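In terms of the UniProt record's numbering, the numbers along the sequence shown are unbroken and rise by one, the last being 1123.
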Amino acid sequence: MSDQPEAIPGEAPVKTAKQLEKEAKKLEKLKKFQEKQTKIQQTKEVSKEKTEKKETKKKETKDEPIVYTGNTEPGEKKDVLGPLPSSYSPQYVEAAWYPWWQKQGFFKPEYGRKSIGEKNPKGKFVMVIPPPNVTGTLHLGHALTNAVEDSITRWHRMKGKTTLWNPGCDHAGIATQVVVEKKLWREEKKTRHEVGRDKFIEKVWEWKQEKGDRIYEQMKLMGSSLDWDRACFTMDPKLSRAVTEAFLILHEAGDIYRSERLVHWSCTLKSAISDIEVDKVELSGRTPLRVPGYPNPIEFGVLASFAYKLADGSGDEIVVATTRLETLFADVAVAVHPEDERYKAYVGKLLVHPFCDRKIPVVADSFVERDFGTGAVKISPGHDHNDYEVAQRLGLPLITVLNEEGVIIGDYGEFSGMKRFDARIRVTEVLTEKGLYRGTESHAMVVPLCSRSKDIVEPLLKPQWYVRTGDMAAKAVQAVKTGELKIIPDHHTKTWYSWLENNRDWCISRQLWWGHRIPAYKVTFCDPAKQPKDITESDLWVSARSGEEAESKATAKFQVTKSEIVLKQDEDVLDTWFSSGLFPFSVFGWPDKTPELEAFYPGELLETGHDILFFWVARMVFFGQRLLGKLPFKEVFLHPIVRDAHGRKMSKSLGNVIDPLDVVTGISLEGLQARLMQDSNLDPAERERAAEGQKRDYPQGIPECGTDALRFALASYMTQGRDINLDILRVQGYRFFCNKIWNAARFSLSIVSSLLCSLDLSLATNSYLCANPTQESLEPSLDGGRLSVVDLLFHAMLSDRVTASYTHLKRWSDHVEKLLANQEDAVVKAAQAEVSSSKPSPMDAWILSRLADAVATCNKAFSKYEFNTITTACYNLWLYELCDVYLECIKPVMGPAGSLLDKAHAARTLLTVLNVGLRLLSPFMPFLSEELYQRLPSPNLAPSITVAAYPEQEEFDPLKNVSLEQDFELVQKIYTSIRSVRSDYQVVKSQKTQVFIDCLDSRVCTMIQSFALPIRTLAYCSDILYNPTVPPPSCATAVVSEKVGIRVSLEGLIKVDKEIERLNKKEDYLKQVIGKLKDQAAAEDYEVKVPETVRTANADKLKEAEGELSRLPAALEALKLMQ
């Protein structure tokens, strides 16, 4: 009979005691498992909560930048006694310094001098700013100008020269009038004519006040060290008086005259415009363009042909080709090339004009291109510059058929009163009806657009005022040829010669309301019979400072009484470039002989963009030599033009015009777009296109970069080329560089501070830092010690301000000071001799040698305006030499194992590098350098880094050690080779490796051994053994040079089989990456379509991948030997 209980039908079988026990255990285990799972889940939730809190905190910290909260009144010095914030914050660093610089007068030429007339043996540096237009706020092109000019100015100031960088703004006649007219129309739906001249001028002054203040504020926030007490505006009374005097002098000398000639005319602005205001748009063929005042686009890039019938009734015809049918009414001839056999028989014959009873001749002129169209061209000298020249040569009449508004004038039937491009269409229709139209063809051409109004520029005959520039241009050419005036880069001298040797007289009239009204008055005789015979229209004008003076001049000139004549001042204003051309001396009070003019004219340098070499630079040279007999400056440095990352010109309609302060402070995409909608004068279509451009280029907005990073980035782009393709991400990269500098200085100051604390404690029982036994030959000293090299080293590197913060250091410093007062004391002499014989470590000597090299490079490059060279030298010194190498190497030295003497040398070296490195950076990074300079513990600091001495090459040349640098190049190869091996086998930094160095040269081996500590530190080595007799096992090898090889022990650090498998996979992956990158680079239009920044990044990736791939075979071979 079984012991198993019987099962009851319909119920579960009865379980035995053993089964029950087993089940109970299972339940217990299940319970424990569930408890464990619950605990894990709770732990996860807590962990998640902590992570979320951490992320939230991190986010909050990120969203809340560090700001300066000190109670510093504007103009008072910033509090620098507190600790440095944990990370670099542009808002914190840039706060408070600029008002203090201003209040201290650092930017004024009077600083440190009794008067501006006092001679400075170190010389002077004077430069006027290219006055920005008051059309709006500054853009990145202006930021480049300010960054470059301020760095030059700051360098000269730090060289000890009497320095003046003079600020100002330009009234920018046409440009400002256009933006204010647009604003008036947008806000009030009124034209300037509807509000009247006086009221409109009031509105322009309001605009100027608002924008001028904003421009100056932008310059200050950019750190520009301008003398604001000398700020001026081209329409200030002082400068306006200079304009009037210059006009009078030139007019009375016959160098300004009035003449009727063809000018560039904007029908929209109803004014002549200068060459620089004409955009020459190249068309490859048929292209519809929008023209102001026309509802539909007008087609350009079309060559139309029509026939002129001969007047002799023969039925012969000459077919001419033109891009401007609407000027047919002004035709006075048809021209052919004198050697064109097709038309020789027709030269001298007459043709019938199809729209009037005018008969026009066939003329021969060599300007005609035989292969252009039919080889015969219509001549309308009243509306074409080339035709005008032909007419002057051949004595042809001038006919004007368009008025100032671009409407057909004259007796031409239905065409009279018709707008020019409407007339073009109708002329085509009528010529077709007359059987004279011969068709059109697509034609490449250049269309002149007014840069202000976007209207098609119309050549128009107008009486205007001109400056006779022949002699002035010749002198300007000669000044460059003799070297009296230097243009940098020198390839721009070709442009200088080309423009000035083919120079035309300068039209200075503008039909505007905003600007310097021409100080000329036209004389009208009340009795026309009394007007002298054979007098020209130009002779009826007198120039004067006022109406009264004009009356006096006119009565004397024509020998009449006041009652016999009426005078009216010219309504026109002068070209903006006229007043700008006087700027280098009008700012100093010319025509008066002021102390400023005597002290500051001529200046040393003119820095500006190469696009206005002729329009502004040449005019300043003209007027300086003509009115003062001196060149206004000795050198002209021309910087490139700033474009966006894609190489496009900065344009509001593209949405790529950026306010530099948006780069400084950062701005969201929404912020950019809101400003576009709020501030822009663009029409809705352009605004929409600009908004799309912003979305494309700045999808995440613009990150906060800070002023120093922006300035440094702009300077780094300066390679003396023609254009700069500015990428905001590169600016952000220099923001990270600022953070590196900040962290390096913060770490350096902290280890010096820690060292001083420990010294203060040790001095509690001693009078000297080293308690050396008294030598019999020396006088006994306190506590049985004597003055040592360590005492002198530390005493020389610390200021009284620093030692005063430590009780015992202060006592020690005062004691050493008393001893040093007696230079003949034997103890002092012995200690000083010890200092002279005490040598710094090889690493100290190396970083000082690199510092000397940076000083020499920066000074030489500054003198040649090679800004990219300077920024590269500073970048390399701070990032690759100080941060990456030296600071890492001195960490063990400054630790417990380092001797006090080594600490003293390292601390002194470190503070020297910080001090000098900050002064090298200062011209480009004024805020960051000032913030950190003020915290240095060094003695004899200048009140501000702004007026601190720029490091001189002669001072640091003795520290240059070429042989040591060559030795360290090998050391660098050694530790980078070790790091590469470690990287190849994925050995983490925390795992120290034993390294074996094989060296075939005893001198080299000794040198390497002297750098043993830096190599161990930088290559994460536990130990270094030299020339082992028995080859160590499990090592990866690398050849450093022909005399040096390394072996890195990997014993116990890797699993060989898995490592081989990993490297094989990596080899396949790298081959794929390299293939993909090469395919991209080989694609058609890669150089055109892909932005430069992307191409550079791809090239770097390719180089890195190829480098990695080249190392893999050796790594795999080494692993196979370990199997």
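Where a beta carbon is used, it is the ideal one built from N, C-alpha and C, also for glycine.
Computed from a predicted model, the values in this text were never measured in an experiment.
Residue i: first and last residue of the uninterrupted beta strand (DSSP E) it sits in
i: serine 442; result: 437-442
i: histidine 264; result: 256-266
i: threonine 137; result: That residue, threonine 137, is in no beta strand (DSSP E); it is neither H nor E in DSSP.
i: valine 664; result: Valine 664 -> not in any beta strand (DSSP E); alpha helix (DSSP H) instead, spanning 660-665.
i: residue 1146; result: Residue numbering for the chain in the displayed model covers 1 to 1123; residue 1146 lies beyond these limits and cannot be assessed.
i: tryptophan 465; result: 458-467
i: threonine 976; result: Unbroken run through threonine 976 is the alpha helix (DSSP H), 962-984; no beta strand (DSSP E).
i: lysine 124; result: 124-128
Rounded separation between residue i and residue j - CA only
i: alanine 826; j: alanine 856; result: 38 Å
i: glutamine 673; j: threonine 428; result: 45 Å
i: threonine 432; j: valine 302; result: 17 Å
i: threonine 1006; j: alanine 1012; result: 10 Å
i: glycine 212; j: valine 663; result: 21 Å
i: phenylalanine 747; j: aspartate 227; result: 36 Å
i: aspartate 800; j: methionine 843; result: 29 Å
i: leucine 714; j: valine 885; result: 27 Å
i: leucine 778; j: lysine 829; result: Its pLDDT being 34, under 50, leucine 778 is placed unreliably in this model, and the value from its coordinates should be taken loosely. Each residue's Cα considered, the two are about 10 Å apart.
i: arginine 850; j: alanine 1019; result: 21 Å
i: isoleucine 508; j: leucine 396; result: 27 Å
i: aspartate 902; j: serine 762; result: 17 Å
i: asparagine 502; j: serine 259; result: 20 Å
i: asparagine 1098; j: arginine 643; result: 22 Å
i: glycine 75; j: tyrosine 68; result: 15 Å
i: tryptophan 155; j: alanine 906; result: 29 Å
i: serine 1010; j: phenylalanine 968; result: 11 Å
i: leucine 755; j: serine 990; result: 26 Å
Host alpha helix (DSSP H) of residue i (start-end)
i: glycine 547; result: 547-558
i: residue 1130; result: In the structure as shown, the chain begins at 1 and stops at 1123. Residue 1130 is therefore absent and cannot be evaluated.
i: proline 684; result: 684-697
Three-state secondary structure (DSSP) of residue i
i: phenylalanine 633; result: coil
i: proline 516; result: A small fix is needed here, since residue 516 is histidine in this sequence, not proline. If DSSP states are grouped into helix, strand and coil, histidine 516 belongs with coil.
i: threonine 191; result: coil
i: glutamate 110; result: coil
i: cysteine 356; result: coil
i: glutamate 282; result: strand
i: isoleucine 1024; result: strand
i: threonine 322; result: strand
i: alanine 423; result: helix
i: methionine 235; result: coil
i: leucine 81; result: coil
i: methionine 1122; result: helix
i: arginine 619; result: helix
i: alanine 821; result: coil
i: arginine 643; result: strand
i: asparagine 739; result: helix
i: isoleucine 152; result: helix
i: valine 657; result: coil
i: aspartate 170; result: strand
Residue from the options whose Cα sits closest to the Cα of residue i
i: residue 1132; options: Pro65, Lys434, Glu866, Ala476; result: This structure cannot settle anything about residue 1132, because the visible part of the chain is limited to 1 through 1123.
i: phenylalanine 588; options: Leu628, Asp150, Glu571, Glu549; result: Leu628
i: proline 167; options: Trp100, Lys108, Pro121; result: Lys108
i: phenylalanine 355; options: Thr327, Glu339, Arg342; result: Thr327
i: isoleucine 116; options: Thr162, Arg919, Arg1016, Lys1078; result: Thr162
i: isoleucine 890; options: Lys122, Ser841, Asn859, Trp878; result: Ser841
i: alanine 691; options: Thr707, Gly671, Glu704; result: Gly671
i: phenylalanine 862; options: Ile298, Tyr806, Arg157; result: Arg157
i: aspartate 697; options: Lys454, Thr707, Arg648; result: Arg648
Just to confirm the assignment: which complete beta strand (DSSP E) runs, minimum length 3, are found wholly within the segment 1051-1109? none
Hey, which unbroken runs of the alpha helix (DSSP H) at 4 residues or more fall wholly within the segment 557-615? 576-581, 583-586, 595-600
Which runs of the alpha helix (DSSP H) at least 4 residues long sit entirely within the segment 824-853? Give them in chain order. 826-837
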